[in-house]
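*Asks:* This is the structure I want to talk about, given as structure tokens.
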Amino acid sequence: MDPTFRTPKRISGLLFSLLFARLPNPNASLLIHSPAISQVIGRYALTPTAAMTASGSYTATLSIRSGKGSCSHDRVFRFIPLFQSPAAAIRYAIEQGKSYLHLPGLPD
718 MDPTFRTPKR
728 ISGLLFSLLF
738 ARLPNPNASL
748 LIHSPAISQV
758 IGRYALTPTA
768 AMTASGSYTA
778 TLSIRSGKGS
788 CSHDRVFRFI
798 PLFQSPAAAI
808 RYAIEQGKSY
818 LHLPGLPD
């Protein structure tokens with residue numbers, strides 16, 4: 718082994734993140750998510766999110782999760798309507814999720 722060769726010093730995680738972090742994309746959407754707005758209904762966990770579009774309106778997304786650990790299953794629904802506020806988008810996603818729970822075909 719070459720004696721002049723040195724292994725690089727460890728870079729701290731924070732410094733590494735600062736050096737190699739991708740700059741935010743100005744066209745990317747802003748995602749609003751809070752575990753506090755998740756609802757558990759029976760064996761399903763409904764987690765809504767709202768994302769801001771480039772036009773300033775919001776879209777709604779809903780995750781319906783069931784099971785635990787390696788036996789869990791997650792379905793994600795993205796909705797077409799646009800909303801004026803993230804609260805309206807989240808409310809819509811929860812309402813849709815509650816109606817989906819009555820449909821056949823959701824995972825056990």
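Residue numbers (my numbering): 718 to 825. In this text, a Cβ means the ideal position worked out from N, Cα and C, and glycines have one as well. Just so we're clear, the structure is a prediction, and the values are computed from it rather than from any experiment.
1. Which residues in the same chain have their Cβ closer than 8 Å to the Cβ of His790, if we skip the five residues on either side of it in sequence?
2. Buried or exposed for Thr770, going by 16 or more other Cβ atoms inside 10 Å?
3. If we ignore side chains and look at the alpha-carbon of each, how far apart do Pro803 and Gly773 end up?
4. State the DSSP-derived secondary structure class of Gln756, mapped to helix, strand or coil.
5. Could you check how far apart the C-beta atoms of Leu818 and Ile754 are, in whole angstroms? I think they sit under 8 Å.
6. Where DSSP assigns a beta bridge to Pro765, which residues make up the other side?
7. Measure the Cβ-Cβ separation of Phe800 and Gln813 and say whether it is below 8 Å.
8. Spatial neighbours of Gln756 within its chain, please: CB distance less than 7 Å, with the 5 preceding and 5 following residues excluded, ordered by chain position.
*Replies:* Based on what the coordinates show:
1. Excluding positions up to five away in sequence, the list reads Arg782, Ser783, Gly784 and Pro824.
2. Answer is exposed; the Cβ neighbour count stays below 16.
3. Going by the C-alpha atoms only, they are around 10 Å apart.
4. The answer is strand: DSSP assigns Gln756 an E or B state.
5. Rounded, the Cβ-Cβ distance is 17 Å, inconsistent with contact.
6. Answer by DSSP bridge pairing, in chain order: Leu779.
7. No, they are not a contact pair.
8. So the list reads Leu763 and Ile811, once near-sequence residues are dropped.
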